[in-house]
Amino acid sequence: MLLNKNERITKNYDVIIIGGGLGGMTAANKLAKNGRTVLLLESHDKLGGFATWFHRKKHIFDVSLHGFPVGMVKTCRKYWSKAIAEKIIQLKRMRFINPMYQLETDYTVEDFTKKLITDFKVSKEQVDNFFSLVMNMNYYDNKKMTNGELLESFFPGRKDVHRFLIEPIVYANGSTLEDPAITYGIVFSNFMSKGVYTFQGGTDLVIEMMQEELLKNNVDIRLKSKVEIIVVENNVCRGVMVGGSFVASKSVLSNGNLIGTIFNLAGEDNFKPEFIEKVKKVRLNTSSCQVYMGIRAGEKIDDIGDLIFYSEAQEFNTEELLSMHTTSRTFSLYYPRLRPQLENAGYTIVASTNARYEDWVNLSKEDYKAKKQELIEATLVSLEKIIPGVTRKIDYIEAATPLTIKRYTHHERGSSFGTKHEGLDVSMKLHHEINGLFHTGSVGIIMSGWLGAANYGVIQSYEVEGYLDQLH
182 MLLNKNERIT KNYDVIIIGG GLGGMTAANK LAKNGRTVLL LESHDKLGGF ATWFHRKKHI
242 FDVSLHGFPV GMVKTCRKYW SKAIAEKIIQ LKRMRFINPM YQLETDYTVE DFTKKLITDF
302 KVSKEQVDNF FSLVMNMNYY DNKKMTNGEL LESFFPGRKD VHRFLIEPIV YANGSTLEDP
362 AITYGIVFSN FMSKGVYTFQ GGTDLVIEMM QEELLKNNVD IRLKSKVEII VVENNVCRGV
422 MVGGSFVASK SVLSNGNLIG TIFNLAGEDN FKPEFIEKVK KVRLNTSSCQ VYMGIRAGEK
482 IDDIGDLIFY SEAQEFNTEE LLSMHTTSRT FSLYYPRLRP QLENAGYTIV ASTNARYEDW
542 VNLSKEDYKA KKQELIEATL VSLEKIIPGV TRKIDYIEAA TPLTIKRYTH HERGSSFGTK
602 HEGLDVSMKL HHEINGLFHT GSVGIIMSGW LGAANYGVIQ SYEVEGYLDQ LH
């Protein structure tokens, strides 16, 4: 049932899920299909988390970069529906434009192998050995080797090859050359299996289908409902406070930011001091900026590819990538074919850059506005080099910053990718500290984009099931 945000909730639930991102939604759907009573509380006016959209001046903008591994087909078919799984289509054209090389790929292991051998003149043996290692990486592998060390060990001195292999993954999960190699290898191998995919129809259609599925499976959903407190008594989770009222449940699964869940919702005093010390060592991942551009009705742009990794930096560099003045950005191009269900679907372009929250948070209102305008102008300069004359075709343009992300998601420091890898252990052991309290969200190497979010929701739903079974 879709509940009114002003309606007082008197029902007791098996589980309350805080946050309607893909992790929370998928866990809610699975638990409900198992016969559990589920309440899904979302602070925004729509579900989806980062997999969401907004309307401006007759344009529909997908908030996130579109692209996830083929594994999403299986996940959606198994934990959602056949109809949702059938909306997944492959993106055929990924382009790299930078001073080191310009090329196009379908992002499959076969094509990457070919490009590395023919374009970068790397031996087949080197390439095969590299793929053999990364395609078999898992969470329990050596965490001391960094991404930079991994790439250098296989391709010494080849900064062009390093860039080709890591740059897209940095945009996907915020990894850097200094992070553990597993944070790159596991994500890279997922994407490299059969290319990059997206939802045909856009996130607006798919999230609507997911919401219908949740309601069909008797999940209660209440939007515009920000949870104030997770109620804990005698080390047991009892429910939540929302809208000034207590709602009881046997368990709570937070799909919010891990750090915010622990310190802002559950409260530091409810955890052992040694656990809190461990939490304080968890690093948040970086944030991002976006520029949303809508093409005027009646205007067209040529099909120049689906994702374009553009940079004017002479070589790949983490500091350059995070700088407010970076020239490195990803362009996601949304053609009318993406939303065939709409009669007058237009063209939109979303540019994304990695960013630091601290560069934006202390700006005055005037400086903040000026920096956003600089971001827009720099983005247009880059885009004009790819699509000459495109600026005159744009009738709407808007910029989002790390502050925008924090405002809408409540993620600490506007983190676009949750926490670094050490957050995963804390997330998975939350219920060891407080009985009945669980977390699913963007943490470490499981959480790389939409597929990781959905799959972690499934993983944590099993943990919730195990706990609920023990209560009987």
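Quick note, my numbering runs 181 ahead of the 1-based positions in the sequence shown. Yeah, the Cβ is synthetic: ideal placement off N, Cα and C, and Gly gets one too. Note that the structure is a prediction, hence the values are computed from the model and not measured.
- The Cβ atoms of F301 and D360 do not sit closer than 9 Å to each other.
- Excluding residues up to 5 positions away in sequence, V315, M318 lie with their Cβ nearer than 6 Å to the Cβ of G366 in the same chain.
- Residue pairing for M275: DSSP places it in a beta bridge opposite T286, L488.
- Distances from the CA of E501 to each of K211, K259, T357, L203 were compared; the closest alpha carbon is that of T357.
- With a cutoff of 9 Å on beta-carbon distance, Y352 and V251 are scored as not near each other.
- Residue nearest to I347 within the set P454, Q392, E496 is E496 (criterion: CA-CA distance).
- As the crow flies, the alpha-carbon of E565 is around 37 Å from that of G622.
- When the beta-carbon positions are compared, T572 and Q471 stay at least 9 Å from each other.
- Contact between L395 and L221 holds, with the beta-carbon distance rounding to 7 Å and staying under 8 Å.
- A distance of 9 Å or more separates the beta carbons of V428 and G617.
- Distance from the CA atom of R403 to the CA atom of G229, rounded to whole angstroms, is 13 Å.
- Excluding the 5 residues flanking it on each side, K407 has same chain C-beta neighbours closer than 6 Å at S224, in chain order.
- Within a 10 Å sphere around the beta-carbon of H602 sit 16 or more other beta-carbons, which makes this residue buried.
- In this structure the region 238 to 245 does not touch the region 448 to 468; the number of beta carbon pairs closer than 8 Å is below three.
- H236 counts as exposed, since fewer than 16 other beta carbons sit within 10 angstroms of its beta carbon.
- Its Cα nearest to that of G382, the residue A266 stands out among Y589, E593, A266.
- Ranked by Cα distance from V433, the first of P521, N215, V645 is V645.
- Assignment of beta strand (DSSP E) within the region 503 to 591, counting only whole runs of 3 or more residues, yields 510 to 515, 529 to 536, 575 to 581 in chain order.
- Around the beta carbon of E306, a 10 Å sphere encloses fewer than 16 other beta carbons of the protein chains shown; the residue is thus reported as exposed.
- In the assembly as shown, A213 is a buried residue. Its beta-carbon has 16 or more other beta-carbons within 10 Å.
- For G420, the enclosing beta strand (DSSP E) starts and ends at 417 to 423.
- Secondary structure at T600: strand, using DSSP grouped into helix, strand and coil.
- Here F380 is actually not in contact with Y288; their C-beta atoms are around 17 Å apart, not less than 8 Å.
- For G475, DSSP records a beta bridge to T529, Y577.
- If you draw a straight line from the Cα of H620 to the Cα of K574, it comes to about 44 Å.
- When DSSP reads this structure, V408 sits in a beta bridge with V423.
- Contact between Y528 and F512 is ruled out by a C-beta separation of about 12 Å, above the 8 Å threshold.
- In this structure, the CA atom of G205 is about 13 Å from the CA atom of T590.
- Your pair G420 and G200 does not check out as a contact, with CB atoms roughly 16 Å apart and the cut at 8 Å.
- DSSP places F242 inside the beta strand (DSSP E), whose first and last residues are 240 to 243.
- Between V607 and L446, the CB-CB gap reaches or exceeds 9 Å.
- Following the DSSP letters along the chain, one finds L332 inside the alpha helix (DSSP H) bounded by residues 328 to 335.
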